[in-house]
Amino acid sequence: MAQIGRDDRREFLKGYINKANINWAHIALACLLREEYISRILTFNFDNLLARSCGLLGLYPATYDFTAANLNLYHLIDKPAIIHLHGQSHGFAQLNTNDETASHAEQLSQFIQATLNESPALFIGYSGQADAFFPQIKDHYSGQHRLFWVDIAEHAPTHIEESILKINLAHYMPCTDGADVFLIELAQELGCFPPQIFTDPYAHLLEELKPVLPYPQTNNHKGNNTSSNTEQLGLTTTLDILQQLRQRLEAAQAQERTAQRSNYLELYMQGKNEEIIKSSQSHEPLDDAEQEWVARAYLNWALKQTDLEQEIAVYDQLIARFASSDVAGVQEQVAKALLNKGITLGQLARPEDEMSVYDQLIARFASSDVAGVLDAVASALLNKGITLGQLARPEDEISVYDQLIARFAHSDMAGVQETVAQALVNKGVTLGQLARPEDEISVYDQLIARFAHSDVAGVQERVASALLNKGITLGQLARQEDEISVYDQLIARFASSDVAGVQEQVAKALHYKQVELEHIEHSVSTCDEAQ
Numbered sequence: 003m004a005q006i007g008r009d010d011r012r013e014f015l016k017g018y019i020n021k022a023n024i025n026w027a028h029i030a031l032a033c034l035l036r037e038e039y040i041s042r043i044l045t046f047n048f049d050n051l052l053a054r055s056c057g058l059l060g061l062y063p064a065t066y067d068f069t070a071a072n073l074n075l076y077h078l079i080d081k082p083a084i085i086h087l088h089g090q091s092h093g094f095a096q097l098n099t100n101d102e103t104a105s106h107a108e109q110l111s112q113f114i115q116a117t118l119n120e121s122p123a124l125f126i127g128y129s130g131q132a133d134a135f136f137p138q139i140k141d142h143y144s145g146q147h148r149l150f151w152v153d154i155a156e157h158a159p160t161h162i163e164e165s166i167l168k169i170n171l172a173h174y175m176p177c178t179d180g181a182d183v184f185l186i187e188l189a190q191e192l193g194c195f196p197p198q199i200f201t202d203p204y205a206h207l208l209e210e211l212k213p214v215l216p217y218p219q220t221n222n223h224k225g226n227n228t229s230s231n232t233e234q235l236g237l238t239t240t241l242d243i244l245q246q247l248r249q250r251l252e253a254a255q256a257q258e259r260t261a262q263r264s265n266y267l268e269l270y271m272q273g274k275n276e277e278i279i280k281s282s283q284s285h286e287p288l289d290d291a292e293q294e295w296v297a298r299a300y301l302n303w304a305l306k307q308t309d310l311e312q313e314i315a316v317y318d319q320l321i322a323r324f325a326s327s328d329v330a331g332v333q334e335q336v337a338k339a340l341l342n343k344g345i346t347l348g349q350l351a352r353p354e355d356e357m358s359v360y361d362q363l364i365a366r367f368a369s370s371d372v373a374g375v376l377d378a379v380a381s382a383l384l385n386k387g388i389t390l391g392q393l394a395r396p397e398d399e400i401s402v403y404d405q406l407i408a409r410f411a412h413s414d415m416a417g418v419q420e421t422v423a424q425a426l427v428n429k430g431v432t433l434g435q436l437a438r439p440e441d442e443i444s445v446y447d448q449l450i451a452r453f454a455h456s457d458v459a460g461v462q463e464r465v466a467s468a469l470l471n472k473g474i475t476l477g478q479l480a481r482q483e484d485e486i487s488v489y490d491q492l493i494a495r496f497a498s499s500d501v502a503g504v505q506e507q508v509a510k511a512l513h514y515k516q517v518e519l520e521h522i523e524h525s526v527s528t529c530d531e532a533q
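Residue numbers (this note's numbering): 3 to 533.
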């Protein structure tokens, strides 16, 4: 960014910012702000998505741009507040470069110290490795209040573990399912999620209309037509033109409430899956939308179980209850339940039962064209193949991979493509284990050619794995020049990839190439000495 002019930077970033959408982490944060569990949000983002999320809820927090603020007056910051530390998309400055952010971090020092010492702090979605802000946190956090560092990794990164977490009141919390789920569940536990706009939009709109004053109306009565009084009266009256709108909203709200049906959306967003299931049992028959909410509740409730046998029992309830449903969304939940049941049986070391469930799923939805169902069928075939491999049945394993590859050869669904790519990788590896290296390489070539132009991250990762494996196999066949050539293909093809799994394969290719070059050099040197 330091090599780009500020105006060019602004235009470049605008293309990304304008396409950004509100996510559920934003909405959960807005709920926490509204209920005063959070008083300030500090963000490095330039977009206004947090402010827009708050607006959805009828909350309009103070917004500050710290690139254009008098930082000596930070004590005047109102609550609740959103503070843009590095600027806003529509502001006068957007700090991007290392020099800009480092200089600004020093100016923020006093504010950061006061913030950390006056209240507990929650850090989420911030690595602490991309700017000069982290040293300010590390230097100024003294343990006056609790600090929670939340990251997607299972364990705290080293730079957090060896600094902030040395203080007793600092805690690390993994959010392996992502920030959206973490913040939603936090807001649910605190009783402030979901927001009213999603569960009772009529009440929300009625509340938002309360501050609106009556509409100004010109007085249409003239004065007496006399020489002493010929002036028209001015704007002296008002009209409540919103009264009819309020009445319509209230009528719609009343009609929905008199239906005496549970609000499954609200219960689902509150995470009350068991309550949805119990309520639905007394409201048969369910319409299509209700069926889908209830099926989702069963699936979520199963995943909440700590006992694997009980988890399977909940899957069985879902499968039995909606066995004959023709609602696409419900079929998808049934397919997921069968898939998860199979996986759980595998965790219980019951591989034959596991494969039997996969076979049920594959047979039941043989002719389905529902995207989510097809994804589950592909996953079931892949899992069955893997299980056969674990049972030392490699020929059967390969046969199942071939079924998967043939069945979904022309699928354009990203998830299915990723599963097919994984099946090809697995097939290649299994052929290698069967001492069939030429066939193994042939399968890798099929994968590389089939997905040559794919932009799906998971597929790219499998292509990179195939190239790496091909190189390794060529090396085992004493074809070092071909091996190095394949590593070069991998490096050239994915050198600029930002996919973590692909970066890992590139790093391995660079390492293996270097090792092989050193080996060749050593061999040549040894030959020269012998002569």
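Quick reminder that beta carbons are idealized off the backbone N, C-alpha and C, glycines included.
_Please report the distance separating the alpha-carbon of A297 from that of S413._
Against the sequence shown, residue 297 aligns to sequence position 295. Against the sequence shown, residue 413 aligns to sequence position 411. Approximately 27 Å between the Cα atoms of the pair.
*Expressed to the nearest angstrom, what Euclidean distance is found between the alpha-carbon atoms of A2 and V329?*
Any answer about residue 2 is impossible in this case: the structure gives the chain only from 3 up to 533.
*Would you identify the three-state DSSP class for T65, choosing helix, strand or coil?*
The residue given as residue 65 occupies position 63 in the sequence shown. Three-state DSSP puts T65 in a strand.
*Pick out the complete alpha helix (DSSP H) segments inside the segment 334 to 389, 4 residues or longer, and give them in chain order.*
353 to 366
*With a Cβ-Cβ cutoff of 8 Å, do G473 and V488 count as a contact?*
On the sequence shown, residue 473 is found 471 positions in, with the first residue counted as 1. On the sequence shown, residue 488 is found 486 positions in, with the first residue counted as 1. Taking 8 Å as the Cβ cut-off, G473 and V488 qualify as a contacting pair.
*Closest to F367 by CA distance: which of G60, S326, Q392 is it?*
Numbered from 1 along the sequence shown, position 365 holds the residue referred to as residue 367. Nearest of G60, S326, Q392 to F367, Cα basis: S326.
*asked:* Assess contact between the segment 409 to 424 and the segment 362 to 381, defined as three or more Cβ pairs (one per stretch) separated by less than 8 Å. Is contact present?
replied: yes
*Mapping DSSP to helix, strand and coil, what is I493?*
Along the sequence shown, one-based indexing puts residue 493 at 491. Three-state result, I493: helix.
*Pull up the CB-CB distance for Y403 and G387, whole angstroms please, since I reckon it's below 8 Å.*
Within the sequence shown, the letter at position 401 stands for residue 403. Within the sequence shown, the letter at position 385 stands for residue 387. Contact flag correct, Cβ pair sits at about 5 Å.
*asked:* Once DSSP output is grouped into helix, strand and coil, what is the label at L237?
replied: Within the sequence shown, residue 237 is the residue found at index 235, counting from 1. Since pLDDT at L237 reaches only 49, below the 50 mark, its modelled position is unreliable, and the value read off the structure follows with that caveat. Of the three classes helix, strand and coil, the one that applies to L237 here is coil, per DSSP.
*asked:* Within 10 Å of its beta-carbon, does N471 have 16 or more other beta-carbons around it, so buried, or fewer, so exposed?
replied: On the sequence shown, position 469 is the one that residue 471 refers to. Looking at its Cβ environment, which holds 16 or more other Cβ atoms inside 10 Å, N471 is buried.
_Assuming contact is defined by CB atoms lying nearer than 8 Å, are Y174 and I162 in contact in what I supplied?_
Working through the sequence shown from its first residue, we reach residue 174 at position 172. Working through the sequence shown from its first residue, we reach residue 162 at position 160. A contact, by the Cβ cut-off of 8 Å.
*Return the CA-CA distance between L310 and L350, expressed in angstroms with no decimal places.*
Counting from one through the sequence shown, the residue named residue 310 turns up at place 308. Counting from one through the sequence shown, the residue named residue 350 turns up at place 348. Cα-Cα distance, rounded: 8 Å.
*Are the C-beta of I85 and some C-beta of chain C separated by less than 8 Å?*
The structure shown contains no chain C, having only a single protein chain.
_Short of 6 Å in beta carbon distance, which residues of its chain neighbour P196, apart from the five on each side in sequence? Order them along the chain._
What you label residue 196 is simply residue 194 of the sequence shown in a count that begins at 1. Cβ neighbours of P196 beyond the five flanking positions: M271.
*asked:* On the CB-based measure, 16 or more other CB atoms within 10 Å of its CB, does E252 come out buried or exposed?
replied: Position 250 of the sequence shown, counting from 1, holds the residue named residue 252. Burial call: exposed.
*For the beta strand (DSSP E) that contains M175, what are its first and last residues?*
Residue 175 sits at position 173 when you count from the first residue of the sequence shown. M175 -> beta strand (DSSP E) spans 172 to 176.
*asked:* Tell me whether the segment 153 to 169 and the segment 208 to 216 touch, counting them as touching only if at least three CB pairs, one residue from each stretch, are closer than 8 Å.
replied: no
*Starting from the Cα of W295, find the closest Cα among L305, T308, S264, D318 and give me that residue.*
Working through the sequence shown from its first residue, we reach residue 295 at position 293. Ranking L305, T308, S264, D318 by Cα distance to W295 puts S264 first.
*Expected contact under 8 Å - CB spacing of Y62 and I79 to nearest Å*: Residue 62 sits at position 60 when you count from the first residue of the sequence shown. Residue 79 sits at position 77 when you count from the first residue of the sequence shown. 15 Å between Cβ atoms; not a contact.
*Going by DSSP, which residues form a beta bridge with A123?*
Counting from 1 along the sequence shown, the entry for residue 123 is found at position 121. L149.
*Determine, using beta carbons only, whether L97 and P122 come nearer to each other than 8 Å.*
Translated into positions along the sequence shown, residue 97 becomes position 95. Translated into positions along the sequence shown, residue 122 becomes position 120. No, these two residues do not count as a Cβ contact at 8 Å.
*Under 7 Å from any heavy atom of the ligand SAM, does the C-beta of F14 make it?*
Looking at this structure, you won't find the ligand SAM or any other ligand, since it has none at all.
*Using the Cα positions of G434 and F453, report the straight-line distance between them to the nearest angstrom.*
Position 432 of the sequence shown, counting from 1, holds the residue named residue 434. Position 451 of the sequence shown, counting from 1, holds the residue named residue 453. Their backbone Cα atoms lie some 21 Å apart in a straight line.
*Residues that G89 bridges to, as DSSP identifies them*: Within the sequence shown, numbered from 1, the residue matching residue 89 stands at position 87. Beta-bridge pairing links G89 to Q96.
*Should L288 go down as buried or exposed, given a rule of 16 or more other Cβ atoms within 10 Å for buried?*
Here residue 288 is taken as the residue at index 286 of the sequence shown, counted from 1. L288 is buried by the Cβ-count criterion.
*What is the rounded straight-line gap between the Cα of A299 and the Cα of Y514?*
Numbered from its first residue, the sequence shown carries residue 299 at position 297. Numbered from its first residue, the sequence shown carries residue 514 at position 512. Cα to Cα, A299 sits roughly 49 Å from Y514.
*According to the Cβ coordinates, are P176 and D153 closer than 8 Å?*
For the purposes of this step, residue 176 is taken as the residue at position 174 of the sequence shown. For the purposes of this step, residue 153 is taken as the residue at position 151 of the sequence shown. In contact: P176 and D153 (Cβ atoms closer than 8 Å).
*Taking DSSP as the reference, what is the three-state secondary structure of Y217?*
Numbered from 1 along the sequence shown, position 215 holds the residue referred to as residue 217. Three-state DSSP puts Y217 in a strand.
*Would you check if the distance between the CB atom of Q419 and the CB atom of S456 is smaller than 8 Å?*
Along the sequence shown, one-based indexing puts residue 419 at 417. Along the sequence shown, one-based indexing puts residue 456 at 454. Cβ distance < 8 Å, so Q419 and S456 count as in contact.
*Counting only the same chain and skipping the five closest in sequence on each side, list residues whose C-beta sits under 8 Å from that of K510.*
Against the sequence shown, residue 510 aligns to sequence position 508. Once the five neighbours on either side are set aside, the close Cβ partners of K510 are L470.
*asked:* Which same chain residues end up closer than 7 Å to Q516 when comparing Cβ atoms and leaving out the 5 residues on each side of it in sequence?
replied: For the purposes of this step, residue 516 is identified with residue 514 of the sequence shown, where counting begins at 1. Contacts found: none.
*Report the residue from T117, T103, F184 whose alpha carbon sits nearest the alpha carbon of Q131.*
The residue you call residue 131 lines up with position 129 of the sequence shown. It is T103 whose Cα lies nearest to the Cα of Q131.
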